[in-house]
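**Q** Got a structure for you, written out below as structure tokens; questions coming shortly.
In this note's numbering, the protein residues as written are 14 to 168.
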């Protein structure tokens, strides 16, 4: 919820009104968080006075409510004169995934880690890198002394 720039008393009244509206429509408010006084990304107009609003107070209400109640509540809160913008967003709560600790694996040297070796095996190489590897192996191959078979003498 984004409100107009209000005095503390008016801000408390506006937030209380918004909270009561949520509660009247069957919402369970988990927490109310102030995101501070920020600049808006673009100019907005106040509803009653049509004055330009460049900065305002941002608030986050974390609440649980039904879909029908959400639609009614949004229409009521958007028509409130102290609010500049109201958005209600549905967030699906998924069960928390269990995270396994692999500190022993992380503390190993990179050359010994399984994840690093998997990356090296499956990496994609560009043309320049492939060319450099080819030139290096070619140079190493040429530097190795080779024994050529000596032809037998002619009769």
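Just so it is clear, CB atoms sit at the ideal spot from N, CA and C, and this is done for glycine as well.
(1) Would you kindly work out how many angstroms separate the C-alpha atoms of residue 83 and residue 101, rounded to a whole number?
(2) For residue 73, list the residues DSSP reports as bridge partners.
(3) Are the beta-carbon atoms belonging to residue 48 and residue 72 less than 8 Å from one another?
(4) For residue 91 and residue 16, which I take to be in contact (beta-carbon distance under 8 Å), what is that distance rounded to the nearest angstrom?
(5) Thinking C-alpha only, which one of 103, 65, 64 and 66 is nearest residue 81?
(6) Out of 93, 34 and 69, point me to the one whose CA is closest to residue 61's CA.
(7) Whose C-beta lies closer than 7 Å to the C-beta of residue 129 among residues of the same chain, with five residues either side of it excluded?
(8) Pull up the distance between the alpha-carbon of residue 39 and that of residue 33, whole angstroms please.
(9) Suppose you measure from the CA of residue 121 to the CA of residue 127; what does that come to, to the nearest Å?
(10) So, using beta-carbon positions, are residue 98 and residue 143 closer together than 8 Å?
(11) Go ahead and pull the three-state DSSP assignment for residue 28.
**A** Judging by the given coordinates:
(1) The residue labelled residue 83 in the question sits at position 70 within the chain shown. The residue labelled residue 101 in the question sits at position 88 within the chain shown. Distance between the alpha carbons of residue 83 and residue 101 is about 7 Å.
(2) Taking the chain shown and counting its residues from 1, the one referred to as residue 73 is at position 60. Answer is 46.
(3) Residue numbering aside, residue 48 sits at position 35 when the chain shown is read from its first letter. Residue numbering aside, residue 72 sits at position 59 when the chain shown is read from its first letter. Against a cut-off of 8 Å, the Cβ pair of residue 72 and residue 48 comes out as a contact.
(4) Indexing the chain shown from 1 puts residue 91 at position 78. Indexing the chain shown from 1 puts residue 16 at position 3. With 8 Å as the limit, residue 91 and residue 16 do not qualify as a contact, their Cβ atoms being about 12 Å apart.
(5) Residue numbering aside, residue 81 sits at position 68 when the chain shown is read from its first letter. The candidate whose alpha carbon is nearest that of residue 81 is 103.
(6) Along the chain shown, one-based indexing puts residue 61 at 48. It is 93.
(7) Numbered from 1 along the chain shown, position 116 holds the residue referred to as residue 129. Only 123 meet the Cβ criterion.
(8) Translated into the one-based positions of the chain shown, residue 39 becomes position 26. Translated into the one-based positions of the chain shown, residue 33 becomes position 20. Answer to the nearest angstrom: the Cα atoms are 10 Å apart.
(9) The residue labelled residue 121 in the question sits at position 108 within the chain shown. The residue labelled residue 127 in the question sits at position 114 within the chain shown. Using only the alpha carbons, I get a separation of about 10 Å.
(10) Residue mapping note: residue 98 aligns to position 85 of the chain shown, counting from 1. Residue mapping note: residue 143 aligns to position 130 of the chain shown, counting from 1. Cβ distance not < 8 Å, so residue 98 and residue 143 don't count as in contact.
(11) The sequence position of residue 28 within the chain shown is 15, counting from 1. Here residue 28 sits in helix by DSSP.
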